[in-house]
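*Asks:* Numbering (my numbering), first residue to last: 26 to 398.
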Ligand SMILES: Cc1ncc(COP(=O)(O)O)c(C=O)c1O
């Protein structure tokens, strides 16, 4: 069986980092957390990184902190992509803010920047972009809209560690590409085990250049306290632990190499899969670190069964769009046809550093010989 993601193989070389922490006898708010936060901020290219318990908390703390700072108020609107993992939207509603869903572009599967302006109202305070599947969702047009309407840009960077973007306006100069996680006013990363930079459990982080925001977030994730037993905010307990920080510090050193292998496999799929029933994602215009390699197929369930029967594990990201979930009953009658098409047709093909060349070739051959009949 070709596994969708063989975490045992991927994580074996990093087990010593967990042992180092066990030996140290210090498990929270220690040296590994400090070093990881410093290394991740430097990698992303922001002044601050605050480790959190998970990616959902990282996103939620960003909005909580904006409310605390008076930048947003309950009832304000945040523009979000209609096709995303539910956590992006949970963070907004948990803070009493109102998500305004915007359709993606079927070619990029990212929020359609041409539709954003029409969704802006006098209550809009932020645009959240989600670099879904590991592909950069930022465009210069989105940056311009944020400036024009004085909106915060919040990035959900859960799926795209190591992804970069070079503005076409800068491509002829010596400017370097920027990392996703450094475009917005603030960004949230998830280090859920399956992520490109994945921990051995839950972990997340906020990256930002905004000092005031960073201070509030750090305090709010520590019960609302900066000084021991003094509480400035109604906070929560959301900290990264030393074991995860030590593992992530080691894995960060190999992130670019593992992303390069993902890109190599993705380009083999893009160049070698040629089947009229399977729509392969193209990535000419934007960088992508292929957290997920999403193909679209009208006969998705049959394709999944066929691959399963031939020994290839796949996944679906995601079977039900947020606006059709029971937890958001009030949206169930809304129609987002492109989002619904993606959720009906998407199939995630294995694409990660644990795959051998032989396995990749087997998958390519299977995809080429699939017929729905
Ligand atoms: C796009 C997106 N946003 C947010 C999250 C939430 O991260 P976590 O699982 O670490 O809470 C995830 C992942 O699980 C995700 O894929």
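Glycine included, every Cβ here is placed at the ideal spot set by N, Cα and C.
When DSSP builds the beta bridges, which residues end up paired with residue 153?
*Replies:* Within the chain shown, the letter at position 128 stands for residue 153. Bridge partners of residue 153: 179.
*Asks:* Does ligand 1 have even one heavy atom less than 8 Å from the beta-carbon of residue 216?
*Replies:* For the purposes of this step, residue 216 is identified with residue 191 of the chain shown, where counting begins at 1. Residue 216: yes, Cβ under 8 Å from ligand 1.
*Asks:* Quick one: measure Cβ to Cβ for residue 99 and residue 122, integer angstroms, because I've assumed they're closer than 8 Å.
*Replies:* The residue labelled residue 99 in the question sits at position 74 within the chain shown. The residue labelled residue 122 in the question sits at position 97 within the chain shown. Confirmed, about 7 Å.
*Asks:* Counting pairs of Cβ atoms below 8 Å between the segment 64 to 81 and the segment 227 to 238, do you hit three or more?
*Replies:* yes
*Asks:* Which word fits residue 254, buried or exposed, when buried means at least 16 other C-beta atoms lie within 10 angstroms of its C-beta?
*Replies:* In the chain shown, counting from the first residue as 1, residue 254 sits at position 229. The residue is exposed, with fewer than 16 neighbouring Cβ atoms inside 10 Å.
*Asks:* Could you check whether residue 57 and residue 274 sit closer than 9 Å to each other, using their CB atoms as the reference points?
*Replies:* Here residue 274 corresponds to residue number 249 of the chain shown, with the count starting at 1. Here residue 57 corresponds to residue number 32 of the chain shown, with the count starting at 1. In contact: residue 274 and residue 57 (Cβ atoms closer than 9 Å).
*Asks:* If you compare alpha carbons, which of 354, 303, 285 and 201 is closest to residue 380?
*Replies:* Taking the first residue of the chain shown as 1, we reach residue 380 at position 355. Minimum Cα distance to residue 380 is reached at 285.
*Asks:* Consult DSSP for residue 241 and reduce its assignment to one of helix, strand or coil.
*Replies:* Taking the chain shown and counting its residues from 1, one reaches residue 241 at position 216. Residue 241: helix per DSSP, three-state reduction.
*Asks:* How should residue 51 be labelled, buried or exposed, when 16 other C-beta atoms within 10 angstroms of its C-beta is the threshold for buried?
*Replies:* Position 26 of the chain shown, counted from the first residue, corresponds to residue 51. Exposed.
*Asks:* What residue from 172, 140, 168 and 213 has the CA that sits closest to residue 157's CA?
*Replies:* Here the question's residue 157 lines up with position 132 in the chain shown. Residue 213 holds the alpha-carbon nearest to the alpha-carbon of residue 157 among 172, 140, 168 and 213.
*Asks:* Do the segment 185 to 192 and the segment 80 to 98 meet, that is, are 3 or more Cβ pairs less than 8 Å apart?
*Replies:* no
*Asks:* Who are the Cβ neighbours of residue 224 in its own chain at under 7 Å, not counting the five residues just before and after it?
*Replies:* By 1-based counting over the chain shown, the position of residue 224 is 199. The residues are 216, 218, 269, 272 and 273.
*Asks:* For residue 333 and residue 393, I'd like the C-alpha separation in whole angstroms.
*Replies:* As a first step, residue 333 must be located in the chain shown, where it is residue number 308. As a first step, residue 393 must be located in the chain shown, where it is residue number 368. One C-alpha to the other measures close to 15 Å.
*Asks:* From 162, 181, 151 and 283, pick the residue whose C-alpha is nearest to that of residue 173; which is it?
*Replies:* Mapped onto the chain shown, residue 173 falls at position 148. With distances taken between CA atoms, residue 173 lies nearest to 151 out of 162, 181, 151 and 283.
*Asks:* State buried or exposed for residue 281, treating a residue as buried only when at least 16 other CB atoms are found within 10 Å of its CB.
*Replies:* The count along the chain shown starts at 1 and reaches residue 281 at position 256. By the neighbour-count rule (16 or more Cβ atoms within 10 Å), residue 281 is not buried but exposed.
*Asks:* Would you kindly work out how many angstroms separate the C-alpha atoms of residue 164 and residue 149, rounded to a whole number?
*Replies:* Here residue 164 is taken as the residue at index 139 of the chain shown, counted from 1. Here residue 149 is taken as the residue at index 124 of the chain shown, counted from 1. Taking the straight line joining both Cα atoms gives about 19 Å.
*Asks:* Taking three-plus beta-carbon pairs below 8 Å as touching, is the segment 340 to 355 in contact with the segment 110 to 127?
*Replies:* yes
*Asks:* Spatial neighbours of residue 48 within its chain, please: C-beta separation below 7 Å, excluding the five flanking residues on both sides.
*Replies:* Counted from its first residue, the chain shown places residue 48 at position 23. Nothing meets the Cβ criterion.
*Asks:* Taking 8 Å as the line, does the beta carbon of residue 184 fall inside it for any heavy atom of ligand 1?
*Replies:* To locate residue 184, count along the chain shown from 1; it is residue 159. For ligand 1, at least one heavy atom lies less than 8 Å from the Cβ of residue 184.
*Asks:* Can you tell which of 251, 248, 262 and 347 has its C-alpha closest to the C-alpha of residue 228?
*Replies:* Here residue 228 is taken as the residue at index 203 of the chain shown, counted from 1. Nearest C-alpha to residue 228 among 251, 248, 262 and 347: 262.
*Asks:* Give the DSSP-derived three-state secondary structure of residue 114 in the structure shown.
*Replies:* Taking the chain shown and counting its residues from 1, one reaches residue 114 at position 89. Secondary structure of residue 114 (DSSP, three-state): helix.
*Asks:* CA-CA distance, residue 371 and residue 305?
*Replies:* Numbered from its first residue, the chain shown carries residue 371 at position 346. Numbered from its first residue, the chain shown carries residue 305 at position 280. So the two alpha carbons sit approximately 10 Å from each other.
*Asks:* Compute the distance between the beta-carbons of residue 389 and residue 293, then report whether it is under 9 Å.
*Replies:* By 1-based counting over the chain shown, the position of residue 389 is 364. By 1-based counting over the chain shown, the position of residue 293 is 268. For residue 389 and residue 293, yes; Cβs fall inside 9 Å.
*Asks:* For residue 347, count neighbouring Cβ atoms within 10 angstroms of its own Cβ and tell me buried if that reaches 16, exposed if not.
*Replies:* Position 322 of the chain shown, counted from the first residue, corresponds to residue 347. With 16 or more other Cβ atoms inside 10 Å of its own Cβ, residue 347 counts as buried.
*Asks:* Give the straight-line distance between the Cα atoms of residue 291 and residue 318, rounded to the nearest whole angstrom.
*Replies:* Indexing the chain shown from 1 puts residue 291 at position 266. Indexing the chain shown from 1 puts residue 318 at position 293. Roughly 7 Å between the two C-alpha positions.
*Asks:* From residue 426 to residue 154, what does the alpha carbon distance come to, in whole angstroms?
*Replies:* Summary: the structure shown does not reach residue 426, with the chain confined to residues 26 through 398, and so no result is reported for it.
*Asks:* Evaluate residue 43 with the Cβ neighbour count: other Cβ atoms within 10 Å of its Cβ, from every protein chain shown; 16 or more gives buried, anything less gives exposed.
*Replies:* Numbered from its first residue, the chain shown carries residue 43 at position 18. Buried, because 16 or more other Cβ atoms sit within 10 Å of the Cβ of residue 43.
*Asks:* What residue range does the beta strand (DSSP E) around residue 229 cover?
*Replies:* Numbered from its first residue, the chain shown carries residue 229 at position 204. Where residue 229 is concerned, the enclosing beta strand (DSSP E) stretches over 229 to 233.
*Asks:* One question on the structure: do residue 246 and residue 75 come within less than 9 Å of each other, judged by their Cβ atoms?
*Replies:* Here residue 246 refers to the residue found at position 221 when the chain shown is read from its first residue. Here residue 75 refers to the residue found at position 50 when the chain shown is read from its first residue. Against a cut-off of 9 Å, the Cβ pair of residue 75 and residue 246 comes out as a contact.
*Asks:* How would you label residue 160, buried or exposed, when you count the other beta carbons within 10 angstroms and need 16 or more for buried?
*Replies:* Residue mapping note: residue 160 aligns to position 135 of the chain shown, counting from 1. Residue 160 is buried by the Cβ-count criterion.
*Asks:* Using only the heavy atoms of ligand 1, determine whether one of them is closer than 8 Å to the beta carbon of residue 157.
*Replies:* Against the chain shown, residue 157 aligns to sequence position 132. It does: the Cβ of residue 157 is within 8 Å (strictly closer) of some heavy atom of ligand 1.
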